[in-house]
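Residue numbers (the numbering used here), protein chains in the order written: chain U, 46 to 55; chain A, 67 to 282. All residues carry an ideal CB built from backbone N, CA and C; glycine is no exception.
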Amino acid sequence: LREMVEKDEL
Amino acid sequence: MNIFRFLGDMSHILSFVILLLKITQGKSAAGISLRTQELYMIVFCSRYLDLFWNFSSLYNSFLKVVFIACSSAIVYIIRFKSPQKDTWNPELDNFPIQYLIGPCAVAGLLINQDWTPFEMIWAFSIYLEAVAILPQLFLLQKQGEVENLTSHYVAALGAYRGLYLMNWVYRYFTEDDYLQRIVWFAGTVQTGLYIDFFYHYYQSKRGGLSRPVKLP
């Protein structure tokens, strides 16, 4: 698993 | 986008609507913590700085603008507008927010995703949001009895946090590459802060009665 970088939550 | 995330955002918007209605129609900010509202304004302004260079969806960008606008409007009304500004009681709403902002800023600098300036600011906003409700909860605690609209406001915010938690669980099991330690940790702390409030909210609202919430 990769730490999520893209910010798709508010 | 899943149903938990969507309903979470909707209940977040609902919380703004309830609060704006309360202070504009009721002409009073009594029982509302300006400190908490200022913290939310700082949270949104710092986290959504990326409006200028990130685009994830129209939905996201639109809500970012809505959150910044609503929290700024609320702070403006309570701080500067008559008659609301005269109903704000600085002696009651005196939580020392510098003790929240300071440690969150340090935590943002030290614990973030990849050591870039925006990631530090973004992590700071996540940590600060987790504790931003504290001045409001302390104010309610001091007053003992909570007005209906104010309790609905806090309940809508709590529901938003709870639904986001479910959204993370759902995404964790349905997406391959989904891991957000910082957000999960801060979000769990944040949701935990509402548990006591929800207990009293449930106690006073059950049976369809609309009694004000009483806090010990």
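Exercise for review: Could you tell me whether the segment 219–231 of chain A touches the segment 254–272 of chain A, where touching means 3 or more Cβ pairs closer than 8 Å?
Suggested key: yes
Check your understanding: Counting contacts by CB-CB distance shorter than 7 Å, is Leu129/A in contact with chain U?
Key -> Position 63 of the second sequence, counting from 1, holds the residue named residue 129/A. Leu129/A counts as touching chain U.
Point to revise | Alpha carbon of Leu176/A to alpha carbon of Val255/A, nearest angstrom | key: One-based indexing of the second sequence puts residue 176/A at position 110. One-based indexing of the second sequence puts residue 255/A at position 189. Using only the alpha carbons, I get a separation of about 19 Å.
Review point. Could you give the distance in angstroms between the alpha-carbon of Lys93/A and the alpha-carbon of Gln150/A?
Key: In the second sequence, counting from the first residue as 1, residue 93/A sits at position 27. In the second sequence, counting from the first residue as 1, residue 150/A sits at position 84. So the two alpha carbons sit approximately 6 Å from each other.
Review point. Just how far apart, CA to CA, sit Arg227/A and Ile248/A?
Key: Locating residue 227/A in the second sequence gives position 161, counting from the first residue. Locating residue 248/A in the second sequence gives position 182, counting from the first residue. One C-alpha to the other measures close to 15 Å.
Practice item. Determine the direct distance from the alpha carbon of Ile187/A to that of Arg113/A, and round the result to whole angstroms. Key: Position 47 of the second sequence, counted from the first residue, corresponds to residue 113/A. Position 121 of the second sequence, counted from the first residue, corresponds to residue 187/A. The alpha-carbon atoms of Arg113/A and Ile187/A are separated by roughly 7 Å.
Review point. Got a sec: is the Cβ-Cβ distance from Ser191/A to anything in chain B below 7 Å?
Key: Looking at the structure shown, chain B is missing, and the protein chains on hand are U and A.
Review point. Just the Cα atoms here: how many angstroms apart are Gln91/A and Tyr265/A?
Key: Here residue 91/A is taken as the residue at index 25 of the second sequence, counted from 1. Here residue 265/A is taken as the residue at index 199 of the second sequence, counted from 1. For Gln91/A and Tyr265/A, the distance between alpha carbons rounds to 28 Å.
Practice item. If I'm right that Leu281/A touches Ile84/A with Cβ under 8 Å, what's the distance once you round it to whole angstroms? Key: For the purposes of this step, residue 281/A is identified with residue 215 of the second sequence, where counting begins at 1. For the purposes of this step, residue 84/A is identified with residue 18 of the second sequence, where counting begins at 1. Actually they do not touch by this definition, with Cβ atoms about 19 Å apart.
Check your understanding: For the alpha helix (DSSP H) that Phe239/A lies in, which residues bound it at each end?
Key -> Counted from its first residue, the second sequence places residue 239/A at position 173. Asn214 to Thr240 is the span of the alpha helix (DSSP H), which, as asked, contains Phe239/A.
Practice item. Could you tell me whether the Cβ of Ser138/A comes closer than 7 Å to any Cβ of chain U? Key: Residue mapping note: residue 138/A aligns to position 72 of the second sequence, counting from 1. No, Ser138/A lies away from the interface with chain U (no Cβ there is under 7 Å from its Cβ).
Practice item. Return helix, strand or coil for Lys147/A, following the three-state DSSP convention. Key: Translated into the one-based positions of the second sequence, residue 147/A becomes position 81. Looking at Lys147/A - three-state DSSP - the assignment turns out to be coil, as it is neither helix nor strand.
Point to revise | chain U contact for Ser122/A (CB, 7 Å cutoff) | key: Taking the second sequence and counting its residues from 1, the one referred to as residue 122/A is at position 56. Yes, its Cβ sits closer than 7 Å to a Cβ of chain U.
Exercise for review: List the residues of chain U whose Cβ lies closer than 9 Å to the Cβ of Asn126/A, in chain order.
Suggested key: One-based indexing of the second sequence puts residue 126/A at position 60. Within 9 Å Cβ-Cβ: Lys52, Asp53, Glu54 and Leu55.
Review point. Looking at C-alpha atoms only, which residue of Tyr142/A, Phe121/A and Gly224/A is the closest neighbour of Tyr268/A?
Key: Here residue 268/A is taken as the residue at index 202 of the second sequence, counted from 1. Answer by Cα proximity: Gly224/A.
Point to revise | Delimiting residues of the alpha helix (DSSP H) encompassing Asp262/A | key: The residue you call residue 262/A lines up with position 196 of the second sequence. Counting along the chain, the alpha helix (DSSP H) containing Asp262/A begins and ends at Ile261 to Lys271.
Point to revise | Same chain only: Cβ atoms within 8 Å of Val141/A, ignoring 5 sequence neighbours per side | key: Residue numbering aside, residue 141/A sits at position 75 when the second sequence is read from its first letter. Counting only Cβ-Cβ distances below 8 Å, and skipping sequence neighbours, we find Leu100, Gln103, Glu104 and Met107.
Practice item. Decide if the segment 165–181 of chain A is in contact with the segment 124–140 of chain A; the criterion is three or more beta carbon pairs, one per stretch, under 8 Å apart. Key: no
Point to revise | First and last residue of the uninterrupted alpha helix (DSSP H) at Gln192/A | key: Translated into the one-based positions of the second sequence, residue 192/A becomes position 126. In the sequence on display, residue 192/A carries Ile and not Gln. That run of the alpha helix (DSSP H) goes Pro183 to Val197.
Check your understanding: What's the gap between the Cα of Ile79/A and the Cα of Trp181/A?
Key -> Here residue 79/A refers to the residue found at position 13 when the second sequence is read from its first residue. Here residue 181/A refers to the residue found at position 115 when the second sequence is read from its first residue. Approximately 32 Å between the Cα atoms of the pair.
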